[in-house]
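Data first, discussion second: the structure below is written as structure tokens.
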């Protein structure tokens, strides 16, 4: 979903949006996925994920970030034009 400002928002939950914004700010500041991961883990910041299947499909759950999760986020085509990896 694209906001009038041109900003891409994938989840309606404001806390999820803020964590995504934080991850991109930290990537810009720190320069590597590893550094962002270390920052998030050191500050006990979890990432909101919507379950894709099963009885809880669509439910928001908070998970500890991992390298694969961050790579997927930073390379996701929906962010093309807004951020570059």
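Residue numbers (this note's numbering): 59 to 143. We put the beta carbon where it would ideally sit given N, CA and C, even for glycine.
Annotation: residue 125 to residue 91 spans about 7 angstroms, alpha carbon to alpha carbon. If you ignore the 5 residues before and after residue 117, its C-beta comes within less than 8 angstroms of the C-beta of 108 and 109, all in its own chain and listed in chain order. Across the set 87, 77 and 85, the C-alpha of 77 shows the shortest separation from the C-alpha of residue 102. Under the 10 Å beta carbon count, residue 115 is surrounded by fewer than 16 other beta carbons and is classified as exposed. Within the same chain, Cβ atoms closer than 6 angstroms to the Cβ of residue 120 are found at 104 and 106, the five residues on either side in sequence being excluded.
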